[in-house]
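Chains A and B are the protein sequences, given in the same order. Numbering that gives the first Met the number 0 numbers the first residue of the first sequence as 0 and each following residue consecutively. Numbering that gives the first Met the number 0 numbers the first residue of the second sequence as 0 and each following residue consecutively. Here a beta-carbon is modelled for each residue, glycine too, at the ideal position from N, C-alpha and C. Small disclaimer: the values here were computed from a predicted structure and weren't measured. Have a look at the structure below before the remarks.
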Amino acid sequence: MGGERLKIILSLTPPLLIIITLFFGGIFYGFLQSLGYQPAIGKYELNFSAYYNVMFSERYAKLFWSGLALNLWVSFASTFLAAVFALFGALAIRKTFIGKTLCNFIYSLNLPMPHLVVAVGMIFVFSQSGLLARLAAQIGMISSPGDFPVLVKDKYGFGIILAYIWKEAAFFFIILMSVLQSLGENFEELAQSLGANRWQRFRYVILPLVMPNLFSASIIVFAFSFGAYEVPALLGVIYPQMLPVMAFEFFLNPDLNARSEGMALSIIIALIVMILVVFYFWLTQAKIRKD
Amino acid sequence: MSELKIQNLVKNFQGMDRPAVNNVNLDINSGQLVAFLGPSGCGKTTILKMITGLFQPDNGNITLDNESLLPIPTEKRGVVMVFQNYLLFPYMNVNENVGFALKMKGVDKKTIDERVKEMLDLVKLPDIGLRKPKQLSGGQQQRVALARALIASPRLLLLDEPLSNLDAHLRDEMRELILTIQQKLNVTTIFVTHDQEEAVLLADKIALIFDGELQNYTSPKNYYEKPKNIKAAKFFGGVNFVKADFTDNKIQSEIGFCEYEGDNISNLNKKLFLTIRPENIKISKNTEFDHNSYQGEITSVIFSGTHTRYKINVNNVNLECSLQSVGIDNIKESDKVFIHLPKDKIWGMND
Ligand SMILES: Nc1ncnc2c1ncn2[C@@H]1O[C@H](COP(=O)(O)OP(=O)(O)OP(=O)(O)O)[C@@H](O)[C@H]1O
Ligand SMILES: [Mg+2]
């Protein structure tokens, strides 16, 4: 090992220490709390009772499992639909001027837009007192805004899904446009000259070519929507409740004992997200190795 | 069976001040191997793409066996194009790549497998069916691309610069292979190149294209002996051009009166150029020749190993003569010589 390398390692140490302390220190402390370690209220012994409580106690089990199911459903549905919309959108307009303009627009506006704003926008447009409901009532499609289907604050998470689709489709769209751009049209033209019709070109050429990128983007989006709090907090209902919202409510609880449950739930969410991220890295690394 | 006719073909692109393809006419007989030859950007690929249907022409017609191709979508034309950069599908192995066209036709798996094997044998690549394109060399990828194009027995095979991405020895090998396969299957083929030598070695006929315009369409031999214009002659290494007047069935040139036997004599304009290959000019120090004999002065002698090149000034026109081996012993720079342009070797062009 040369002196150069030592120098690099030494110069990297201070920032690394900070990152490690803040990140892993925080997680570690959270993990301790989830095991019941709370010196503030005189609790020092470590056990898994908070995890047990969250998942299996009569009080929380139903909330937890229905929340987990809702989480999975919302993340899966929104990721899948956002990907599908983005794919067809990108294919439809990739060669047009609009496509490029839209891409720029999304880059500069939609992508950095906070989820919170999107969620408020959803309420403004899709709720029963929102724009669409009033418009529909006005033109006589429904007799009063109250007849508008419950799309926001509904128990199936439609509002949340819609908000995520809105945001994540933009993310997918930008990724897909750049992938399609870099692929060019040659593969499709070649396939066409070999006799592939429009559907076959989509099925046997475009899809397999964009799939690796689409799939890894999906994992990121899935993981993100799985752990995000603000949209379900604004657009969700009391029951079933998505896990991040449930975790947050534990923290709001004046009973400090509930802290451990909140931490346990957070750790569970973090674990699931982490597994997804590890899977993502494994996938991308596998792809790099193959190339 | 597959006779291709291209009539008055025109293609414009936005932002170009001339048509990318300008009024091109040519006929290709069934089973012929034709080269599109020309410098980069002259419109070769654009013509191929119009034949496949990937571009629609702005004017003109393309017919195959007397039926216009233009209303037929690309995927139904039976015209297969092999692209410059092979474009093997990276997510498929070699077998799947080669079998692609048959799969699109809905052919059953067993037949596909058999045909794939046949094709891989044809391009001399058995036993690599399970590899991915990344695991192949450039030459192998090229052959797989060829097999993939041929599997569905296309009516017309278009090869866009099939050899330009290969290094020299692979290029020779691949050229042989293309020739063998083309003759074996007797598939009407157009291939694009910007290499004059490659075109000569492979093609039955060469279409020479400059700036979107067809300059000349004839056999390789004719490009050397009977080029249509100076541009065509120069592209094939022509160096000797002499201005001349054609009046009263006689040719009077810058270097003197000239006897002429070319079969295009009835088509010659009043103003024309004469050309002759350097190897067809004869020189002598002392003896005058019986016709087309002129006097000049040697301006340089260059020995190149297999040939000796003489530059001769004849009445202020520079001509080049090339003789085999060491040439003529006693002819040196500044010598006065007689030169001979045999009447059966000299060729007249209108511009
Ligand atoms: N899709 C297109 N849009 C606009 N211009 C184009 C397009 N395709 C080709 N051109 C232009 O048309 C001209 C002819 O292009 P083409 O690709 O046919 O040339 P080529 O003879 O195949 O050249 P090369 O040997 O470099 O492949 C070029 O000037 C090119 O810039
Ligand atoms: Mg080209």
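Query                                                                                                                            : Result
C-beta neighbour in chain B for I186/A, strict 9 Å                                                                               : The question names Ile, but residue 186/A in the sequence shown is Phe. True, the Cβ-Cβ gap to chain B drops below 9 Å.
Stretch-stretch touch, CB-based, cutoff 8 Å, three pairs: the region 147 to 164 of chain A with the region 109 to 125 of chain A : yes
Residues near Q140/B by beta carbon distance below 8 Å, same chain, minus five either side                                       : Y85, L87 and P132
V191/B Cβ short of 8 Å to ligand 2 heavy atom set                                                                                : yes
Rounded separation between G2/A and T12/A - CA only                                                                              : 15 Å
Sheet register partners of V83/A (DSSP bridge)                                                                                   : Answer is none; V83/A lacks a bridge partner.
Chain-ordered chain A contacts of T45/B [CB-CB under 9 Å]                                                                        : By Cβ distance, chain A contributes nothing, its closest Cβ being about 13 Å from T45/B, past 9 Å.
Three-state class that DSSP yields for Q214/B in the structure shown                                                             : strand
CB contact flag (L145/B, L158/B, <9 Å)                                                                                           : yes
T51/B: CB within 8 Å of a non-hydrogen atom of ligand 2                                                                          : no
9 Å Cβ cut-off: residues of chain A touching Y90/B                                                                               : P207, L208, M210 and P211
Minimum Cβ-Cβ distance from Q180/A to chain B less than 9 Å                                                                      : no
Proximal residues of chain A, C-beta to C-beta of M348/B below 8 Å                                                               : Simply none; closest approach about 38 Å.
Interface partners of E258/B on chain A, CB under 8 Å                                                                            : Going along chain A, no residue has its Cβ under 8 Å from E258/B, so there is no contact; the nearest lies around 53 Å.
Spatial distance of F214/A from K102/B (CA atoms)                                                                                : 26 Å
Residue span of the alpha helix (DSSP H) that contains G98/B, given as start and end                                             : V93 to M103
H168/B (DSSP reduced to helix, strand or coil)                                                                                   : helix
C-beta atoms of R142/B and D64/B nearer than 9 Å                                                                                 : no
With 16 other Cβ atoms within 10 Å as the buried cut-off, status of I19/A                                                        : exposed
Residue burial classification, T286/B (beta-carbon count within 10 angstroms, cutoff 16)                                         : exposed
Status (buried if at least 16 other CB within 10 Å, exposed otherwise) for Q137/A                                                : exposed
Span of the alpha helix (DSSP H) around T51/B                                                                                    : K43 to T51
Same chain, Cβ closer than 7 Å to F235/B, neighbours up to 5 away in sequence not counted                                        : Q195, Y222, Y223 and P226
Range covered by the alpha helix (DSSP H) that runs through Q191/A                                                               : N185 to S192
One or two residues paired with L108/A in a DSSP bridge                                                                          : In DSSP, L108/A forms no bridge with anything.
Residue-chain proximity (G98/A, chain B), Cβ-Cβ < 9 Å                                                                            : no
Assigned secondary structure, M0/A (DSSP; H/G/I helix, E/B strand, else coil)                                                    : Low local confidence applies: a pLDDT of 49 at M0/A is under 50, so the model's placement there is unreliable, and no value is given.
Chain B contact residues for L189/A, given Cβ-Cβ distances below 8 Å                                                             : M80, F82 and L86
Residues that N60/B bridges to, as DSSP identifies them                                                                          : Q6/B
Per DSSP, cross-strand counterpart(s) of G255/B                                                                                  : S252/B
Reduced DSSP category for K99/A - H, G, I as helix; E, B as strand; rest coil                                                    : helix
Nearest to K342/B (by Cα), restricted to the options I282/B, S265/B and E260/B                                                   : E260/B
Beta carbon proximity, Q199/A to chain B, threshold 9 Å                                                                          : yes
Ligand 2 heavy atom lying under 8 Å from the CB of T44/B                                                                         : yes
Proximal residues, the region 14 to 45 of chain B versus chain A, C-beta separation under 8 Å                                    : none
Extent of the continuous alpha helix (DSSP H) to which E167/A belongs                                                            : F157 to L182
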